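Numbering (the numbering used here), first residue to last: -14 to 465. Using N, Cα and C, we set each Cβ at its ideal position, and we do this for glycine too. Source: prediction; values computed, not measured. Here's the structure, in structure tokens; my notes come after.
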Amino acid sequence: MTAPDDASAAELRDAIVRGELTVGAAVEASFGRAEQVGAGRDGLNILLYQDRNSARRQASALRRAHPGVLFGVPVVIKDNIATLDMPTSCASRILEGYVSPYEASVVRRLRDAGAVVVAKSNMDEFAMGSSTEHSAFGPARNPLAPDRVPGGSSGGSAASVAAGIVRIALGSETGGSVRQPAAFCGVVGVKPTYGRVSRYGLVAFASSLDQIGVFGKSVDDAALGLETIAGLDPLDSTSAAEPVPSYRDAARGGLTGVVIGRPREYFPDHLDARIRTRCDAALEALRRLGAEVRDVSLPHSALAIEVYYIIAPAEASSNLARFDGVRYGLRIDGDGLSAMYEATRSRGFGPEVTRRILLGTYVLSAGYYDAYYRKAQQVRALIARDFARVFAGGVHLLFTPTTPTTAFPLGAKSDPYEMYLADLFTCSANLAGVPAMSLPIGRVDGLPVGGQFIAPHFGERQMFVAAYALERALGEVAHR
Ligand code: GLN
């Protein structure tokens, strides 16, 4: 017997534990689905590496005696998260074929819970982008509309969940890279509080912003995934000791007395009217569930994009200095050491990564540091303070659109700034370090629209209460 297509990760695990389905069959079903939708290079190009043999080995090594919460559940991992048995290339030429000598803590935790890693997913090179078109291995496509992007930078992971290959996938967030593709692909995407999840084994992009996030087909899948990977990790000194509550228990919570803020800066006049309508309907549903909806203001969020595109490239220019042809991956020899660095880095990095390194080096350079980097850090503090003020004023959660548009056609955003605007509503949460998530709230012209909840630091559980309730209330409307 095989599990029905709509079985959640938890149901799949239970069916396996009850003996109605073997781990091998669950894993084969995942590969079968990947084949059927054309997930590989010649098709949607959402998976960079699939390893059937490794998956079979993982499956047969699982012990039934104490089955974990993800026993036999196939998962997909973004290609910037280190895995032992598959390459970790960050979708970059500079790391093509690179296999990490150690594994990310999140991957370890998934495996310890019984999950089977089936593939590494396509992404924007070094997680820089919003469409997965900046992958050195070709753009990924949206399974719901193959002429459109799946979003990015974790586009391959979002698309794998949307295409039904897995129920749970990992991505990473620096400025929206889980929530934005989740919105474009019609799945759930969670960016936890900074420090909630270990970054050990995540290839660093901008260390003060980076956080590993989870995709789920449903809110429950995402809750289960997050519950499994969250918590203190001695290998990451920025991971928090804060206890991890059960996020799945949030399914039983209600919204009576919960105050949901509607920040006016996230509903600008130029917002697509149809996206606004879907958000208003979601807010109406939240009201009917007992929540109080209140208009609030986060004035400095209007500067989030500008601030993000100074801080993130600055940190990236430092983090990516390690890819120099000596220690990792690609090396192109030249006449002397400098020539080798130059040849390796010019050939190894794609245009967007090069742009970010140049931008980051510039804003950190003597004479510009105060004007750009320091100024950006100051505005970042103001953005964070806005959130703190609103939450201290009795607002439990915020609700906004996840993105200003639905999934755009491949090639539509050739101007980098246009692409950067895709993070308009997401990057403020990264700058403030607060948790946020996107879930499907309806469609426009057949394309998914995401609604975003933002919570105070370590307020993931409250966020899940609202997400479970809204998902139930919207039902099929969320996918129509
Ligand atoms: N799209 C943003 C960028 O290009 C965010 C990326 C991310 O969250 N990793 O930097």
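Check                                                                                                         : Outcome
Identity of the residues DSSP links to G427 by a beta bridge                                                  : V434
The stretch 222 to 231 contacting the stretch 247 to 262, beta-carbon criterion three pairs below 8 Å         : no
Check: D400 C-beta below 7 Å from any heavy atom of the ligand GLN                                            : no
Closest by C-alpha distance to A121, when choosing among A267, G335 and P59                                   : G335
Sub-8 Å separation of Q196 and P166 beta-carbons                                                              : no
Among A215, E250, L274 and I214, the one whose alpha carbon lies nearest that of T241                         : L274
E13 - containing alpha helix (DSSP H), residue span                                                           : V8 to V22
Proximity below 8 Å, CB of Y405 to CB of I290                                                                 : yes
Inter-stretch contact (C-beta, 8 Å, three-pair minimum) for the stretch 108 to 123 and the stretch 394 to 408 : yes
Bounding residues of the beta strand (DSSP E) (the contiguous stretch that carries Y34)                       : L32 to Q35
DSSP state of A547 mapped onto helix, strand, coil                                                            : Past the boundaries of the shown model lies residue 547; the chain is included only from -14 to 465, so the question cannot be answered.
Neighbourhood of M325 by C-beta, 6 Å cutoff - its chain only, sequence neighbours within 5 removed            : G310, D318 and G319
Enclosing alpha helix (DSSP H) for A236 [first to last residue]                                               : Careful: A236 lies outside any alpha helix (DSSP H) and carries neither H nor E.
Bridge-paired residues (DSSP) for D280                                                                        : R247
Of the residues D97, E445, D265 and R446, the one placed nearest R48, counting alpha carbons only             : D97
Heavy atom of the ligand SAM within 7 Å of D408 beta-carbon                                                   : Ligands displayed in this structure: the ligand GLN; the ligand SAM is not among them.
Presumed contact (8 Å Cβ cut-off) between V22 and P128, rounded CB distance                                   : 6 Å
Touch test, the stretch 144 to 157 against the stretch 407 to 423, Cβ-Cβ under 8 Å, three pairs minimum       : no
Buried versus exposed call for S90 [16 or more other C-beta atoms within 10 Å across all chains shown]        : buried
Closest by C-alpha distance to R370, when choosing among H285, A351 and E5                                    : H285
Distance, L383 Cα to I245 Cα                                                                                  : 5 Å
G28 to P425 span [Cα, whole Å]                                                                                : 25 Å
Proximal residues to D221 (C-beta, below 6 Å), its chain only, five neighbours per side dropped               : S183, R184 and Y185
A167 in three-state terms, based on DSSP                                                                      : helix
For R332 and A(-8), the rounded distance between their alpha carbons                                          : 45 Å
Check whether D109 and A76 have beta carbons under 8 Å apart                                                  : yes
Length of the line joining the Cα atoms of V175 and R446                                                      : 12 Å
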